[in-house]
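For reference, the structure discussed in these notes is given below.
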Amino acid sequence: MQGSETKGKTPSRASKLFRSAMDAALVPFLAIFTALVIGGVIIWLAGGNPIQAYVGLFQGAFGSPKAISETAVWATPYIFAGLAVALAFKGGLFNIGAEGQLALGAVAAAWVGYALPGMLGITIPAIIHIPLAIGMGILFGAIWAAIPGALKAYTGAHEVINTIMMNYIALNTVSYLLNGPMKDNSPTNVIARTPEIAVTARMPAIFSDLRVHWGFVLALIVAWLVWYLLWKTTLGFEIRTVGSNPDAAKYAGMNVKRLIILTMAFSGGLAGLAGAIEVVGLNYRHELGFSIGYGFDAIAIALLGRSHPLGVVLAAILFGGMRNGATRMQFLTQIPVDVISVIQALILLFVAADEIIRYIYRIKQKEERLVLTRGWGG
Amino acid sequence: MKKIFAVFALLLIVAMALPACAPAAADCKSADVLCVGLVTDVGKIDDKSFNQSAWEGVKQAEKDLGAKVQYIETTDAKDYAKNISTFADEGYDAIVTVGFALGEATVAAAKQYPNVKFVGVDQFQTETIANLTGLNFPEDQAGFLVGALAAQMSATKKIGAVCGTDAVPPVWRFGEGYKAGAAYIDPAVEVNVVYHSDVGFDKTFVDPEWGAATANSMMDKGVDTIFGCGGKTGNGAVTAAAQAGKFAIGVDSDQYLTLPEAAPRMLSSAMKLITPGVAGLLKSAKEGTFPGGNFTGLAGYAPYHDLDSQVPAEVKAKMEEIQTALQNGSLQTGVSPAKP
């Protein structure tokens, strides 16, 4: 802080930006800190050594090139899915359906990966095959989210209810597909999973001995694109206007119905991309045990990141790091990995109910309140 | 505001300094220390089923071989490889992976870490890798044991089994072993084994309603002991039998512990003895006689629990006699490995 103030009497633009970023980050930062302290007490009550546990967590998340690579592997789908939820928030919509959109995106990408070359009877070159698989994942996620979007726009049916219901349909459909028509039929297999995707549909790793893949880089690029869309384009302005005041948007001549559907489609596309990237970049197939709960973690990530793409990236790296570091924490201390879920839930609680944090740390309300979604039928 | 930042700066410095005082890792890299790690499938270590049984085998090695033991619970299937390599990179000597789902990751790890011994529980090996042993079980013997028990305990001399599809070899071995065991006691006992082969793979193991309906129709015909072998389908049958006050027999692990709704009438379960299997393989790993390829463990039957007082002493003695005979090879089930 001192450094930026010495630059001149009138604070520079960079300094102002830094200050507003610090203000925005204060509550999430304190929420994380408070959650870790309470988590430490829980670990201690469970008979563990909190310091040893957190050291293990940190080492496992960032302690070696391999650890950092694995954190990036975890953060990749979290960034996409977090952006999905954040973008919907900006449009005044609460997309709880990321979980289902993600699963459908994964299955669609897997299908393009393993079945399409055989159906066409050709080998698809990687330069077409990889984007095609990812694109199909985006498309399915987008369509799946656009349905509750259209229901909201034309009937006023609340998207919270409808995206949850669409989750059930999507997840059970995926379960059926993986157990039935799309099941890997190799003779020794008993798991609900698709066959492996063709080599041409696999995204290369960045380093030969680490699992981190180009999907992570793509995630950062997409985060920048979402930022650009929201703050540098007319469409983004319209989305944000509908988000903060749909009546004003309507009187300003914006097509609110179209914007709601479009926002949901963008959001679902990002969630589908999260699923597709897991298939194309990491797992090379979809399996029922993959990606459980990412769509729900994404809500926490979007909230923690204050629905800003940069915040989402940082929150995703934090959550990815915690999920990844949990393995080493358990290895060193034998504390159940569920502790991590408790800490994540506490972070979410403190971010959502930020009055608690403001009260504990005596922070005055400065910025405008975070509006996530409008009331019922709004 | 400033004060808060000062506090935070201090905390951050403390946090950064923490890794420096990390506890010294146990010396698994040293050749004298035997270290054994276990990786669960997506499930908990205390699942009262495969993961827990395998972990008890590892704990046995801790006691008998003085091994240092540790486990990692997997929360997402994509972490199998990472969790296995967490142990391998720390210099662990043996790693146990539990369940079919970890099969591919275990094979890959065995090739990557040739100096580490791997035990894959319920993972059938199609190629022999010297440092990887798939621990599999003679399901036909387990089925034989509970078939013999059912034949002795049935008052109506009519027993039944409700199973998943017989296209899956272990299910076939359970069901046919059950028939053989009953016939061994008394060829006159009427045995109804029904496989749920009329539906697809997606349905055959997850159809408790069909299982219950099949069990009920058997009981209508006088069957008073039912063996459920086939995931939730079998559980449905066993629960229906228990609710009707008949004898129920579980499968794989001691289902008295995992299926509370059927527990009061749970006579026994056809068990894969994972604990001694894992402990035995870890012992051979230490002694340098690790087999590699596939290793067939032992089959058994679960304790009678609540029904212990209803089982006559001569039946208990007979069961122990049969188990011994099966284990030392003097008694064969005569069941082919898969449906011909």
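Chains A and B supply the protein sequences, listed in that same order.
Per my numbering, numbering through the first sequence is continuous, rising by one, with the last residue being 378.
Per my numbering, numbering through the second sequence is continuous, rising by one, with the last residue being 340.
Glycine included, every Cβ here is placed at the ideal spot set by N, Cα and C.
Please read these numbers as outputs of a predicted model, since none were measured by experiment.
- Task: Would you please verify whether the beta carbon of V42/B is less than 8 Å from any beta carbon of chain A?
- Result: Here the question's residue 42/B lines up with position 42 in the second sequence. Chain A contact via Cβ: present.
- Could you give the C-beta distance for G56/A and R328/A, rounded to a whole number, given that I count them as a contact under 8 Å? Here residue 56/A refers to the residue found at position 56 of the first sequence. Here residue 328/A refers to the residue found at position 328 of the first sequence. Their Cβ separation, rounded to whole angstroms, is 5 Å, which keeps G56/A and R328/A in contact under 8 Å.
- Nearest to I301/A (by Cα), restricted to the options F350/A, L288/A, T263/A and T163/A: Sequence index remark: in the first sequence, residue 301/A carries index 301 (1-based). Of the candidates F350/A, L288/A, T263/A and T163/A, the one whose C-alpha sits nearest the C-alpha of I301/A is F350/A.
- Message: Any heavy atom of the ligand HEM inside 7 Å of the beta-carbon of K48/B?
- Response: Among the ligands in the structure shown, none appear at all, so the ligand HEM cannot be discussed.
- Message: Starting from E196/A, trace the beta strand (DSSP E) in both directions and tell me its first and last residue.
- Response: As a first step, residue 196/A must be located in the first sequence, where it is residue number 196. Going by DSSP, E196/A is part of no beta strand (DSSP E) at all; its letter is neither H nor E.
- Query: Counting only runs that start and end within the stretch 34-86 of chain B, where is the beta strand (DSSP E) found for 3 or more residues in a row?
  - Reply: Within the stretch 34-86 of chain B, the complete beta strand (DSSP E) runs of at least 3 residues fall at 35-42 and 68-74.
- Residues of chain A with CB under 9 Å from Q332/B, in chain order? Indexing the second sequence from 1 puts residue 332/B at position 332. Neighbours of Q332/B on chain A: none; closest Cβ ~26 Å, over 9 Å.
- Query: Does T327/A have its Cβ less than 8 Å from a Cβ in chain E?
  - Reply: Reference to chain E is not applicable here, since the protein chains of this structure are A and B.
- Message: Could you check whether L178/A and R202/A sit closer than 8 Å to each other, using their CB atoms as the reference points?
- Response: In the first sequence, the residue the question calls residue 202/A occupies position 202. In the first sequence, the residue the question calls residue 178/A occupies position 178. No. Outside cutoff.
- Please name the residue, chosen from M166/A, V279/A and L220/A, that lies closest to V199/A on a Cα-to-Cα basis. Within the first sequence, numbered from 1, the residue matching residue 199/A stands at position 199. Selected option, being the one with the closest Cα: V279/A.
- Query: Roughly how many angstroms lie between the CA atoms of A105/B and A61/B, to the nearest whole one?
  - Reply: Within the second sequence, residue 105/B is the residue found at index 105, counting from 1. Within the second sequence, residue 61/B is the residue found at index 61, counting from 1. Rounded to the nearest whole angstrom, the C-alpha separation of A105/B and A61/B is 24 Å.
- Task: Taking only runs that begin and end inside the stretch 159-224 of chain B, name each unbroken alpha helix (DSSP H) of 4 or more residues, in chain order.
- Result: Secondary structure in the stretch 159-224 of chain B: the alpha helix (DSSP H) runs of 4 residues or longer, each lying completely within the stretch, are 169-185, 201-204 and 208-220 in chain order.
- Message: Which residues in chain A have a C-beta closer than 8 Å to the C-beta of D79/B? List them in chain order.
- Response: Position 79 of the second sequence, counted from the first residue, corresponds to residue 79/B. Within 8 Å Cβ-Cβ: T327.
- Message: Closer than 8 Å is the cut-off here; do at least three beta carbon pairs connect the stretch 47-54 of chain B with the stretch 261-270 of chain B?
- Response: Output reads no: the stretch 261-270 of chain B does not touch the stretch 47-54 of chain B.
- Using the beta-carbon of each residue, which ones in chain B are nearer than 7 Å to I395/A? Any property of residue 395/A remains undetermined from this structure, which presents chain A solely from 1 to 378.
- With 16 as the cutoff for other CB atoms within 10 Å, does I221/A come out buried or exposed? Along the first sequence, one-based indexing puts residue 221/A at 221. Burial call: exposed.
- Item | Residue(s) in a DSSP beta bridge with Y301/B | Here residue 301/B is taken as the residue at index 301 of the second sequence, counted from 1. In the DSSP output, where bridge partners are listed per residue, Y301/B has A270/B.
- Query: From E176/B, T156/B, T258/B and N328/B, pick the residue whose C-alpha is nearest to that of G143/B; which is it?
  - Reply: Here the question's residue 143/B lines up with position 143 in the second sequence. Measuring from the Cα of G143/B, the nearest candidate turns out to be E176/B.
- Task: Can you tell me which of the three DSSP states F89/A falls into?
- Result: Within the first sequence, residue 89/A is the residue found at index 89, counting from 1. Looking at F89/A - three-state DSSP - the assignment turns out to be helix.
- Task: Go ahead and label E320/B buried or exposed: buried means 16 or more other beta carbons lie within 10 angstroms of its beta carbon, across all protein chains shown.
- Result: Within the second sequence, the letter at position 320 stands for residue 320/B. When all chains shown are included, E320/B counts as exposed.
- Message: Just checking: is the beta-carbon of E314/B within a distance shorter than 8 Å of some beta-carbon in chain A?
- Response: Start at 1 with the first residue of the second sequence, and residue 314/B comes out as number 314. So no, E314/B is outside the interface.
- If you follow the beta strand (DSSP E) that G250/B is part of, which residue opens it and which one closes it? Here residue 250/B is taken as the residue at index 250 of the second sequence, counted from 1. Where G250/B is concerned, the enclosing beta strand (DSSP E) stretches over F247 to D252.
- Query: Buried or exposed: where does R265/B fall if 16 or more other Cβ atoms within 10 Å of its Cβ makes it buried?
  - Reply: As a position in the second sequence, residue 265/B is number 265, starting the count at 1. R265/B is buried by the Cβ-count criterion.
- Task: Apply the 10 Å Cβ neighbour rule to R258/A and answer buried if 16 or more other Cβ atoms are within range, or exposed otherwise.
- Result: Against the first sequence, residue 258/A aligns to sequence position 258. Residue burial is scored here from C-beta neighbours: R258/A has fewer than 16 other C-beta atoms within 10 angstroms and is therefore classed as exposed.
- Which word fits K246/B, buried or exposed, when buried means at least 16 other C-beta atoms lie within 10 angstroms of its C-beta? By 1-based counting over the second sequence, the position of residue 246/B is 246. Around the beta carbon of K246/B, 16 or more other beta carbons lie within 10 angstroms, which makes this residue buried.
- Query: CA-CA distance, G321/A and G82/A?
  - Reply: Locating residue 321/A in the first sequence gives position 321, counting from the first residue. Locating residue 82/A in the first sequence gives position 82, counting from the first residue. Rounded to whole angstroms, G321/A to G82/A spans 15 Å at the Cα level.
- Query: At a CB-CB cut-off below 8 Å, which residues of chain A make contact with E320/B?
  - Reply: Residue numbering aside, residue 320/B sits at position 320 when the second sequence is read from its first letter. The premise fails here: E320/B is roughly 33 Å from chain A at the closest Cβ pair, so nothing lies under 8 Å.
- Could you tell me whether any Cβ in chain A is nearer than 8 Å to the Cβ of G120/B? One-based indexing of the second sequence puts residue 120/B at position 120. No, G120/B does not count as interfacial toward chain A.
- Message: Please identify the residue among A110/B, Q112/B and D140/B whose C-alpha is closest to the C-alpha of Q332/B.
- Response: Working through the second sequence from its first residue, we reach residue 332/B at position 332. Here the closest residue by C-alpha is D140/B.
- Would you check if there are 3 or more beta carbon pairs closer than 8 Å linking the stretch 337-357 of chain A to the stretch 26-39 of chain A? The stretch 337-357 of chain A is in contact with the stretch 26-39 of chain A.
- T289/B to N131/B span [Cα, whole Å]: In the second sequence, the residue the question calls residue 289/B occupies position 289. In the second sequence, the residue the question calls residue 131/B occupies position 131. Looking at the two C-alpha atoms, the distance is approximately 11 Å.
- Item | Which of helix, strand or coil DSSP assigns to C21/B | By 1-based counting over the second sequence, the position of residue 21/B is 21. Here C21/B scores only 43 on pLDDT, less than 50, and its place in the model should not be relied on; the value that follows carries that caveat. Annotated three-state conformation of C21/B is helix, per DSSP.
- Chain-ordered chain B contacts of F331/A [CB-CB under 9 Å]: Along the first sequence, one-based indexing puts residue 331/A at 331. Within chain B, the residues G37, Q70, Y71, I72, N83, T86, F87 and E90 have their CB atoms less than 9 Å from the CB of F331/A, given in chain order.
- Query: Does DSSP classify F118/B as helix, strand or coil?
  - Reply: Here residue 118/B refers to the residue found at position 118 of the second sequence. If DSSP states are grouped into helix, strand and coil, F118/B belongs with the strands.
- Message: Could you check whether the Cβ of A188/B sits closer than 8 Å to any Cβ belonging to chain A?
- Response: Indexing the second sequence from 1 puts residue 188/B at position 188. Taking Cβ atoms only, chain A never reaches closer than 8 Å to A188/B, which makes this a no.
- Expected contact under 8 Å - CB spacing of A316/A and G105/A to nearest Å: As a working mapping, residue 316/A is identified with position 316 in the first sequence. As a working mapping, residue 105/A is identified with position 105 in the first sequence. Contact between A316/A and G105/A fails: their C-beta atoms lie close to 17 Å from each other, not under 8 Å.
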